[in-house]
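Undergrad: In this note's numbering, the protein residues as written are 6 to 404. Ideal Cβ positions, reconstructed from N, Cα and C, are used throughout, including at glycine. All values derive from a computational prediction rather than experimental measurement. Pasting in a structure now, in structure tokens, and then I'll have a few things to ask.
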């Protein structure tokens, strides 16, 4: 098995396959085993005490650590160029753990006004129960961050690309502002995946993922991941995760490990489809606008080119007829599936205003650009021509 240090010199597609491998057991297995055990035996009471004190490495109890889960943590941390990863039961468990690791009463968090709906609700509504205040701004304009940050701001939280508008925030610029004011920068990197974007390389302190999406890639398991840039942050978050208990199950980890090995192949195919579909939709008579970072017309196209290795497989577009036009499209696609989530090999379409962002008020949605006419498309790995034809026939149902 290649060493961790040796693998870090390899290309990212190689790391996706090999990073996180465990030492072989006596059976010489090639695939990481599923260690489906809640607890682990100690060879002696002295060894048990040493593990609890941290003097000796080793496993104690799966809430605190598990070999299969650890293999996944090492894999994603290697892809993100981070110090260490922490796997969680869901993406929201990852976000909640990070927030509660660093924020306390009277602290302030500054965040993008366009985020995944439940993330917005957690930050803007739930944190207030703990005496934590929040401000939502369009972080794709860095002056907005400068104006809204306060002395008590402890964290700046962004998604880039943003869900569902595909707005891009300059990670390096946001990190510089946050650090000047003593705040952490946390980036949700779900839409890009570490194959296309590594926020820690651009100054971020912590990265979170919904592993459910591109990293797993098969729409069959949920999970989350936290990656810290250094040991100090890692230990603080790990302590919170162990206490709050949002731990990943070993079987979840094994499934996601199986998925991440094909991440490069899936991303390359899906983003090529997305670029071609974005171009097709931008010329369709029933489409009013298209937002995809790979189109030169995207307002943050140059920033995306600077911090991403590709433009991803997510896009959104507006249709004639507003909400009713969107419903017509979604009710008439035959190949593309009407469902929330994203990042699988199959293409999914949804209406954010009435689905993923329904928990956000209309006023907040509209201020963030989440309009009734907006349709979100998560592009998969099907043949481009089949996806194009399916969208074309559905769009042409709009009168």
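#1: State whether the region 132 to 149 contacts the region 336 to 355, with contact taken as three or more CB pairs (one from each stretch) at a distance under 8 Å.
#2: How would you write the range of the alpha helix (DSSP H) that residue 281 sits in, first residue to last?
#3: Is it true that the CB of residue 315 sits closer than 7 Å to the CB of residue 257?
#4: Can you pull the DSSP bridge partners for residue 117?
#5: Can you check whether the CB of residue 322 is closer than 7 Å to the CB of residue 5?
#6: Is it buried or exposed for residue 151, if we count other Cβ within 10 angstroms and need 16 for buried?
#7: Do residue 278 and residue 196 have their C-beta atoms closer together than 7 Å?
#8: Can you have a look at residue 361 and say buried or exposed, based on whether 16 or more other CB atoms are within 10 angstroms of its CB?
#9: Classify residue 111: buried if its beta carbon has 16 or more other beta carbons within 10 angstroms, exposed otherwise.
#10: Between 303, 347, 333 and 343, which has its C-alpha nearest residue 319's C-alpha?
#11: Roughly how many angstroms separate the alpha carbons of residue 309 and residue 30, rounded to a whole number?
#12: By DSSP, does residue 66 sit in helix, in strand, or in coil?
#13: Looking at C-alpha atoms only, which residue of 177, 230, 194 and 229 is the closest neighbour of residue 208?
#14: Tell me the start and end of each unbroken beta strand (DSSP E) in the region 321 to 363 that is at least 3 residues and wholly inside, in chain order.
#15: Three or more C-beta pairs closer than 8 Å, one from the region 243 to 251 and one from the region 97 to 105: is that the case here?
#16: Touching or not, the region 163 to 182 and the region 368 to 383, by the rule of three or more beta carbon pairs under 8 Å?
#17: Rounded to a whole number of angstroms, what is the C-alpha to C-alpha distance between residue 298 and residue 179?
#18: Using the Cβ count rule (16 or more neighbours within 10 Å means buried), how would you classify residue 193?
#19: Is the separation between the beta-carbon of residue 358 and that of residue 119 shorter than 7 Å?
#20: Measuring straight from C-alpha to C-alpha, what distance separates residue 183 and residue 328?
#21: Between the alpha carbons of residue 245 and residue 229, how many angstroms are there, rounded?
#22: For a test of the three-state rule: what should DSSP assign to residue 158, helix, strand or coil?
#23: If we count the other Cβ atoms within 10 Å of its Cβ and call it buried at 16 or more, is residue 397 buried or exposed?
#24: Please look up how many angstroms separate the CB atoms of residue 274 and residue 386, rounded, as I've assumed it's under 8 Å.
#25: If we ignore side chains and look at the alpha-carbon of each, how far apart do residue 283 and residue 307 end up?
#26: Between which residues of its own chain and residue 236 is the CB-CB distance below 6 Å, once the five residues before and five after are set aside?
#27: Measuring from the CB of residue 149, is there a heavy atom of the ligand HEM at a distance below 6 Å?
#28: Can you find the residues in the same chain that come closer than 6 Å, C-beta to C-beta, to residue 121, ignoring five residues on each side of it along the sequence?
#29: Are residue 371 and residue 232 closer than 7 Å when you measure CB to CB?
#30: Does the beta-carbon distance from residue 20 to residue 92 come in below 7 Å?
#31: Taking the beta carbon of residue 63 as the centre, do at least 16 other beta carbons fall within 10 Å, making it buried, or is it exposed?
#32: Just curious, the beta strand (DSSP E) that residue 106 is in, first and last residue?
#33: For the 8 Å Cβ check, are there 3 or more pairs between the region 37 to 46 and the region 65 to 85?
#34: Closer than 7 Å by C-beta to residue 1: which residues in its own chain qualify, once you throw out the five before and the five after it? Chain order, please.
#35: Whole angstroms are fine: how far does the CA of residue 272 sit from the CA of residue 305?
#36: Please classify residue 255 as buried or exposed, where buried requires at least 16 neighbouring CB atoms within 10 angstroms.
TA: According to the structure data:
#1: Flag = no, the region 132 to 149 and the region 336 to 355 do not touch.
#2: Here the question's residue 281 lines up with position 276 in the chain shown. Note, residue 281: alpha helix (DSSP H), 268 to 287.
#3: Reading the chain shown from its first residue, position 252 is the one you call residue 257. Reading the chain shown from its first residue, position 310 is the one you call residue 315. No, the Cβ-Cβ distance between residue 257 and residue 315 is not below 7 Å.
#4: Position 112 of the chain shown, counted from the start, is the residue given in the question as residue 117. DSSP lists 142 as partners of residue 117.
#5: With the chain covering 6 to 404 only, the question about residue 5 has no answer from this structure.
#6: As a first step, residue 151 is located in the chain shown; it is residue number 146 there, counting from the start. Exposed is the call here.
#7: The residue given as residue 278 occupies position 273 in the chain shown. The residue given as residue 196 occupies position 191 in the chain shown. Contact flag unset, no.
#8: As a position in the chain shown, residue 361 is number 356, starting the count at 1. Buried.
#9: The residue you call residue 111 lines up with position 106 of the chain shown. With a threshold of 16 other beta carbon atoms within 10 Å, residue 111 falls short and is exposed.
#10: Indexing the chain shown from 1 puts residue 319 at position 314. Of the listed residues, the one whose Cα sits closest to residue 319 is 347.
#11: Reading the chain shown from its first residue, position 304 is the one you call residue 309. Reading the chain shown from its first residue, position 25 is the one you call residue 30. Looking at the two C-alpha atoms, the distance is approximately 44 Å.
#12: For the purposes of this step, residue 66 is identified with residue 61 of the chain shown, where counting begins at 1. Here DSSP, grouped into helix, strand and coil, assigns residue 66 to strand.
#13: The residue you call residue 208 lines up with position 203 of the chain shown. Taking only the C-alpha atoms, the option nearest residue 208 is 177.
#14: Fully enclosed beta strand (DSSP E) runs of 3 or longer: 353 to 355.
#15: With the rule of 3 Cβ pairs closer than 8 Å, the region 243 to 251 counts as touching the region 97 to 105.
#16: Taking 8 Å as the limit for Cβ pairs, the verdict is that the region 368 to 383 does touch the region 163 to 182.
#17: The residue you call residue 298 lines up with position 293 of the chain shown. The residue you call residue 179 lines up with position 174 of the chain shown. Between the alpha carbons of residue 298 and residue 179 lies a gap of roughly 18 Å.
#18: In the chain shown, counting from the first residue as 1, residue 193 sits at position 188. That one is buried.
#19: Here the question's residue 358 lines up with position 353 in the chain shown. Here the question's residue 119 lines up with position 114 in the chain shown. Contact: no.
#20: Here residue 183 is taken as the residue at index 178 of the chain shown, counted from 1. Here residue 328 is taken as the residue at index 323 of the chain shown, counted from 1. Rounded to whole angstroms, residue 183 to residue 328 spans 38 Å at the Cα level.
#21: Position 240 of the chain shown holds residue 245. Position 224 of the chain shown holds residue 229. The C-alpha of residue 245 lies about 15 Å from the C-alpha of residue 229.
#22: Residue mapping note: residue 158 aligns to position 153 of the chain shown, counting from 1. DSSP places residue 158 in the strand class (E or B) of the three-state scheme.
#23: Residue 397 sits at position 392 when you count from the first residue of the chain shown. Residue 397 sits exposed, since fewer than 16 C-beta atoms from the chains shown fall within 10 Å of its C-beta.
#24: Position 269 of the chain shown, counted from the start, is the residue given in the question as residue 274. Position 381 of the chain shown, counted from the start, is the residue given in the question as residue 386. The C-beta distance from residue 274 to residue 386 rounds to 5 Å, short enough to fall under 8 Å.
#25: Within the chain shown, the letter at position 278 stands for residue 283. Within the chain shown, the letter at position 302 stands for residue 307. Whole-angstrom Cα-Cα distance: 17 Å.
#26: If you number the chain shown from 1, residue 236 lands on position 231. 88.
#27: Absence of the ligand HEM from the depicted structure is noted, as is the absence of any ligand whatsoever, leaving it without description.
#28: Here residue 121 refers to the residue found at position 116 of the chain shown. Closer than 6 Å at Cβ, skipping near neighbours: 168.
#29: Taking the chain shown and counting its residues from 1, one reaches residue 371 at position 366. Taking the chain shown and counting its residues from 1, one reaches residue 232 at position 227. No, the Cβ-Cβ distance between residue 371 and residue 232 is not below 7 Å.
#30: Taking the chain shown and counting its residues from 1, the one referred to as residue 20 is at position 15. Taking the chain shown and counting its residues from 1, the one referred to as residue 92 is at position 87. Residue 20 is not a Cβ neighbour of residue 92, given a cutoff of 7 Å.
#31: For this step, residue 63 is matched to residue 58 along the chain shown. Label assigned to residue 63: exposed.
#32: If you number the chain shown from 1, residue 106 lands on position 101. Where residue 106 is concerned, there is no enclosing beta strand (DSSP E), although the alpha helix (DSSP H) it sits in stretches over 96 to 107.
#33: With a cut-off of 8 Å on Cβ pairs, the region 37 to 46 is in contact with the region 65 to 85, counting three or more such pairs.
#34: This structure does not reach residue 1, given that the chain is present from 6 up to 404, and the question cannot be answered.
#35: Your numbering for residue 305 matches position 300 in the chain shown. Your numbering for residue 272 matches position 267 in the chain shown. Cα-Cα distance, rounded: 21 Å.
#36: Looking up residue 255 in the chain shown gives position 250. By the Cβ-count criterion, residue 255 is buried, with 16 or more other Cβ atoms from all chains shown falling within 10 Å of its own Cβ.
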